[in-house]
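Structure first, then comments.
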Amino acid sequence: MALMNANTARGFSGLPALRQLGLMAGLAASVALGVAVVLWSQTPNYSLLYGSLSAKDSSDVVQALQQAKIPYKVDETSGAVLVPSTEVHEARMKLASGGLPKGMGNGFELLDKEQQLGTSQFIEQARYQHALEIELARSISELDNVRNARVHLAIPKRSVFVRRNDKPTASVVLDVYPGRELERGQVAAVVHLVASSVPNLSPDSITVVDQTGRLLTTEASDRGMALSSSQFEYTRRVEQSYAKRVEDLLTPVMGVGRVRAQVVADLDFTSVEKTRESYDPDLPALRSEQVVKEQSGSNSAGGGGVPGALSNEPPPAGTTNPAAAPGDANNNAGATKGHTGSSTVRTVRNFELDKTVSHTRVPAGKLRKLSVAVVVDDKQKVGDDGTVQRTPLSAKEIASLTALVKDAVGFDARRGDTINVINTAFVQPQAPQALPEPPIWQRPWAQDLARQAAGGLAVLLLVFFVLRPVMRSLTEKGAALPAPMPVGMGMEGDQLSLSGQGQGQLPPPNRYEDQLAVAKTMATQDPGRVAQVVKTWVGNDG
């Protein structure tokens, strides 16, 4: 090894200076390339952790990853945060435990900050309103179809000196996930959520739009259309309820997936109110009675006599009729001659009749007619050989199923309901195929392994095909060059002298090979001078 290193050094020193510099630069570049390949092979495969984050959220996420000692990278073009593929789920769970990313900024957390001295009431009100907007946006973003939301509130300043104050208004911008759409009920839920969170805010004063600029709330001119839409939703729920009844009843009999039912419900959405007042003359009741009697009379002069002793005398003897008393006779005579009189009787009776007042309100959505269509599959039976045999239903079995359907939906022939049950063979769906697994070269661990193998192979190729040939060439070239003269050995004129030794003494045994190689080289390069030196040696030793 020492001899090879010496030959390599002699070969390198024997090269021109320019070639030495080029060789050193090439060796340095090869070493740097090998180190880069090793580092690249050890670098893990990165996957997306979060994308489209704000600067504040990105800063918080990066700080949390640093504290958790999870390696990360930030894409300079999109600002996405990348982590090793094997640690994506772990990183997301750790960030979620810390409430990251927040996404909406601070809501009522703004109120936790210390107020600066001299903060005006306007700034405090604006900060509270902004916090309320953020909290509402957070609540709306919890909906499954909503990816992000923004809420703007316009709350006028109230004053006790103004008789009529303006009402607050609000606008909501929804960022819906691609391929999804909000239903009318979900939009109404968002409207009422905002309206119930702000005092004196009417649902009619809230505008909701999506990310494409499409208006989702109903205008005042579309009230009739909105009513029709709600009626359609109610009709669909009724039909689905009846269809579910039929399928739930027949599925245990026919088997899972072998019954299909569709229901058409004719509903009357007319709202009717009736008020009726009736009397029963056969059941009178006396409530009050008033009787008034009036009697009047007059006597002419001397006709009636003067009341006194005569009028009080008993009747004459021999008279059996008391009415024939003398006074009565006089009275009768007076009545006949000049007495006139009248009497009046008036009776007022008040009766209470049986009175009935009824108020009837017929609710909207009354069922007028029901049409039910049911399709059932053939009977299936597994044979001894494992094959499935299909058998159509008989008329009796179809009639029994029809009777079950009638009882399930409340069949009423007076309404004109119709039930139709038919039997047909269903088309058997193909067995679902398993999702294809990603190829082995697309899996993170395989990519890491392939990268490490490629790095090791590149290093081996660099060593065996670049460094090794260069070192071998230098070694061979150094072996071909003359060995350097030993210390103390030099040429003085035409004589070969050995300093520190007597002339004619042999060199030390450990340097004999080197001296012999020098002598051979000199004999080859300058044989005349070598012959002169040998001749001098012979003459001196003479």
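Going by numbering that gives the first Met the number 0, 23 is the number at position 24 of the sequence shown; the sequence numbering is gapless.
All C-beta atoms in this analysis are idealised placements derived from N, C-alpha and C, irrespective of residue type, glycine included.
No experiment lies behind these values; they were computed from the predicted model shown.
Residues of its chain near residue i, where Cβ-Cβ distance is below 7 angstroms and the 5 sequence neighbours each way are ignored
i	result
residue 376	253, 257, 424 and 425
residue 194	200, 201, 202 and 205
residue 183	228
residue 544	What is shown of the chain runs 0 to 541, which leaves residue 544 out entirely.
residue 390	377, 378 and 380
Residue i and residue j closer than 8 angstroms at C-beta
i	j	result
residue 260	residue 204	no
residue 100	residue 49	yes
residue 521	residue 533	no
residue 199	residue 166	yes
residue 146	residue 172	no
residue 291	residue 348	no
residue 202	residue 189	no
residue 271	residue 361	yes
residue 405	residue 266	no
residue 557	residue 264	Any property of residue 557 remains undetermined from this structure, which presents the chain solely from 0 to 541.
residue 245	residue 373	yes
residue 71	residue 61	yes
residue 363	residue 268	yes
Burial state of residue i, where buried means 16 or more other Cβ atoms lie within 10 Å
i	result
residue 392	buried
residue 417	exposed
residue 33	buried
residue 454	buried
residue 83	buried
residue 407	buried
residue 241	buried
residue 421	exposed
residue 216	buried
residue 462	exposed
residue 133	buried
residue 371	buried
residue 56	buried
residue 180	exposed
residue 54	exposed
residue 412	exposed
residue 47	exposed
Coarse secondary structure for residue i, derived from DSSP in three states
i	result
residue 362	coil
residue 354	strand
residue 394	helix
residue 170	strand
residue 71	coil
residue 287	strand
residue 346	strand
residue 274	strand
residue 180	coil
residue 293	strand
residue 429	coil
residue 531	helix
residue 83	strand
residue 62	helix
For residue j and residue i, the rounded distance between their alpha carbons
i	j	result
residue 210	residue 386	55 angstroms
residue 66	residue 35	28 angstroms
residue 489	residue 537	Bear in mind that the predicted position of residue 489 carries a pLDDT of just 46, short of 50, making it unreliable; the figure below should be weighed with that in mind. So the two alpha carbons sit approximately 19 angstroms from each other.
residue 459	residue 80	35 angstroms
residue 59	residue 30	39 angstroms
residue 285	residue 276	21 angstroms
residue 138	residue 214	20 angstroms
residue 282	residue 354	10 angstroms
residue 535	residue 517	18 angstroms
residue 248	residue 403	8 angstroms
residue 448	residue 438	14 angstroms
residue 228	residue 206	19 angstroms
residue 69	residue 85	11 angstroms
residue 401	residue 255	19 angstroms
residue 22	residue 446	35 angstroms
residue 452	residue 37	10 angstroms
residue 427	residue 234	32 angstroms
residue 187	residue 143	15 angstroms
residue 94	residue 63	7 angstroms
residue 192	residue 185	10 angstroms
residue 274	residue 125	55 angstroms
residue 89	residue 158	55 angstroms
residue 97	residue 177	28 angstroms
beta-carbon residue i near the ligand FMN non-hydrogen atom, thresh 7 angstroms
i	result
residue 124	The model depicted lacks the ligand FMN and carries no ligand whatsoever.
6 angstroms CB neighbourhood of residue i in its chain, flanking five on each side removed
i	result
residue 431	none
residue 278	352 and 354
residue 174	146, 147 and 210
Other residues of its chain near residue i: CB distance less than 8 angstroms, five sequence neighbours each side excluded
i	result
residue 154	128, 167 and 197
residue 381	387 and 388
residue 121	none
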